[in-house]
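Numbering (my numbering), first residue to last: 4 to 115.
From the three backbone atoms N, C-alpha and C, an ideal C-beta is built for every residue, glycine too.
Source: prediction; values computed, not measured.
Right, here's the structure in full:
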């Protein structure tokens, strides 16, 4: 069972910022920005590489929640970054799909 599965099962404490029947958004315990949240599907999917057509409604749902969560966190006006790490070389530390929502300050690096 991954760290995120334990958080979803309420076996580990977390600061929940948003939750519904499909996903949960928590405050990152090792923030990389002033505001750093993690949006995690409740369905255990190891990474973006493991998505199938069966996951399209879940992923669409999650993508639609990101702007709402960002707004709740006060990030909409100044902007924010959404990041997904895939695999070891991509920096994925937990083998459970999740999206980082970062902001609250000027972020370094321009990936345009």
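Selection from the options that minimises the alpha carbon distance to residue i
i	options	result
residue 82	106, 89 and 65	106
residue 46	97, 18, 61 and 22	61
residue 53	108, 26, 103 and 98	98
residue 32	41, 26, 49 and 65	41
residue 59	34, 25 and 13	25
residue 43	36, 51 and 37	51
Continuous alpha helix (DSSP H) stretch holding residue i: start and end
i	result
residue 9	6 to 11
Inter-residue Cα distance where the pair is residue i and residue j
i	j	result
residue 18	residue 39	12 Å
residue 84	residue 10	23 Å
residue 8	residue 65	17 Å
residue 23	residue 68	10 Å
Beta strand (DSSP E) segment containing residue i, residue limits
i	result
residue 78	Looking at the DSSP string, residue 78 is not in any beta strand (DSSP E), and its letter there is neither H nor E.
residue 40	38 to 44
Under 8 Å between C-beta atoms of residue i and residue j
i	j	result
residue 124	residue 110	Not covered by the structure: residue 124. The range shown for the chain is 4 to 115.
residue 49	residue 6	no
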